[in-house]
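This report concerns only the one structure given below.
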Amino acid sequence: MLTIEEYISKRKKEDNLNEFDLDKKVENIKICMDYIFEYYNNYLDMAELDRNMVLNNTTLKKYRKELFEYDDDIAEWFVELYDTHRTRLNRVIGNILDANELFLVMNTDAEFRSISYELYPKLIKKYPYLKTQSEMIYLFIKDYHRVKSNVKVRMPIVSDDIKHWIDDTKEKYGVDMEAFVFAYLDNFFENKDMWPRSHRKKFINDYGKEEYEYDHKKKNNLFGLDLLHTKISKKPFIRGKKQYIELLMMYYWLSDFVGDEDGYWEEYLNMVLEK
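Quick note: to get the working numbering, add 15 to the position in the sequence shown (first position is 1).
Here you go:
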């Protein structure tokens with residue numbers, strides 16, 4: 016942004032004004048006064064507008080990068096909404112979907128449509144400008160499922176049957192069982208009220224405070240799987256695969272949540288595969 020002196024100097028050069036021409040003294044005074052009014056009434060406002068536009072474009076560019084995994088139309092929809100209303104709605108809707116423990120095991124348009132019907136009235140109550148956007152909300156829900164249905168690190172192959180089940184489920188149904196299990200365990204780990212008393216072990220932390228840890232060496236209903244299984248057992252890729260799900264849970268629990276200092280994974284794996 017130019018100072019007033021710099022602005023006047025710039026305008027003088029543009030108009031070829033010669034302040035030493037005494038014959039145009041009165042005219043030059045008027046022109047210089049006009050420069051001052053221009054500076055305060057036009058230039059400063061325009062400069063601020065330009066600065067805000069640059070900042071806005073930079074912000075939108077960063078936001079686009081955040082959305083790079085999504086379908087182009089959906090990403091552009093979010094960018095336009097953010098440009099107008101300054102709300103990152105992908106995060107708002109995404110957080111709601113993340114709270115649904117069954118979301119990543121869903122695989123039908125009817126299920127995604129049902130979620131959109133459930134979310135729509137809640138969203139438009141807080142964000143009225145979404146009233147005409149019900150279809151885009153539905154499309155984002157489907158695309159969010161696709162994006163979230165990928166894990167970066169895969170469980171090592173422990174049997175061809177389990178690998179085939181995981182791969183086949185992803186290919187035929189668009190469901191990543193490893194992503195589903197990891198998301199479920201993430202919630203399970205943080206919410207100790209999901210742990211039955213029989214699966215809790217007391218310990219004293221480094222500050223002398225009594226806490227509980229989950230006993231993953233129990234032989235029944237590990238990670239609340241009995242209740243979870245009743246909710247998803249009718250899905251064709253779940254039927255008869257309860258043991259496979261438990262195995263996935265044990266692997267990710269030990270590798271990503273609590274560690275496996277005593278090498279329990281190998282003991283558990285041998286026990287399961289021998290059945």
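Every residue, glycine too, gets a C-beta built ideally from N, C-alpha and C.
Using only CA atoms, which one of the options lies nearest to residue i?
i    : options                   : result
R87  : M151, N165, D38 and F52   : Per the sequence shown, the amino acid found at residue 87 is Asp instead of Arg. Considering only alpha carbons, the answer is M151.
M121 : H160, S131, T99 and L288  : H160
E114 : I51, V94, H179 and E205   : Reading the sequence as shown, one finds Ala at residue 114 and not Glu. For the residues I51, V94, H179 and E205, the minimum Cα distance to A114 belongs to E205.
Y227 : I260, L96 and W210        : W210
V196 : I260, W180, K216 and S213 : I260
S291 : I111, N56, F35 and Y50    : The displayed coordinates of the chain run from 16 to 290. Any statement about residue 291 would go beyond what the structure contains.
E53  : K167, Y283, T18 and L284  : T18
D183 : D277, K249 and K256       : K256
N110 : T99, D98, L134 and L96    : L134
D158 : L242, F83, W180 and Y55   : F83
K10  : P136, W92 and M286        : The requested residue 10 is not part of the displayed model; the chain covers only 16 to 290.
I177 : K146, L284 and T147       : L284
Q148 : W92, E186, K167 and F218  : W92
K185 : N220, K217, D36 and V166  : V166
N72  : N56, I89, Y55 and Y97     : Y97
I181 : Q258, F203 and A125       : Q258
R26  : E282, N43 and K146        : N43
Flag this pair as yes or no: are the beta carbons of residue i and residue j separated by less than 8 Å?
i    : j    : result
A194 : S174 : no
Y58  : Y22  : yes
F252 : L200 : no
F127 : Y153 : yes
I156 : I130 : yes
I46  : D60  : no
R215 : D230 : yes
L269 : W280 : yes
V94  : L112 : no
State the DSSP-derived secondary structure class of residue i, mapped to helix, strand or coil.
i    : result
I19  : helix
R254 : coil
E53  : helix
R212 : helix
K217 : strand
E226 : strand
L117 : coil
L243 : helix
L237 : helix
K167 : coil
E6   : Nothing can be reported for residue 6: it is not among the residues displayed for the chain, which extend from 16 to 290.
I172 : coil
E276 : coil
E34  : coil
D1   : Since the first residue of the chain shown is 16 and the last is 290, residue 1 is not available in this structure.
S297 : Any answer about residue 297 is impossible in this case: the structure gives the chain only from 16 up to 290.
H231 : coil
N12  : The displayed coordinates of the chain run from 16 to 290. Any statement about residue 12 would go beyond what the structure contains.
E289 : coil
Taking 7 Å as the line, does the beta carbon of residue i fall inside it for any heavy atom of the ligand ADP?
i    : result
K207 : Annotation note on the ligand ADP: not contained in the displayed structure, which lists no ligands.
Any beta carbon of chain D sitting closer than 8 Å to that of residue i?
i   : result
A90 : Looking for chain D here will not work: only one protein chain is present.
Any chance the stretch 101-110 sits against the stretch 140-156, with 3 or more Cβ pairs inside 8 Å? The stretch 101-110 vs the stretch 140-156: in contact.
Along the chain, which unbroken stretches of the alpha helix (DSSP H) at least 4 residues long are found entirely within the stretch 122-162? Listed in chain order, the complete alpha helix (DSSP H) runs (minimum 4 residues) inside the stretch 122-162 are 124-141.
Count the C-beta pairs between the stretch 264-272 and the stretch 230-242 that are closer than 8 Å, then say yes if the count reaches three, no if not. Per the Cβ contact rule, the stretch 264-272 is in contact with the stretch 230-242 (3 or more Cβ pairs under 8 Å).
Length at least 4, wholly inside the stretch 68-103: the alpha helix (DSSP H) runs in chain order: 87-100
Cβ pair count under 8 Å reaching 3, the stretch 178-195 against the stretch 109-126: yes
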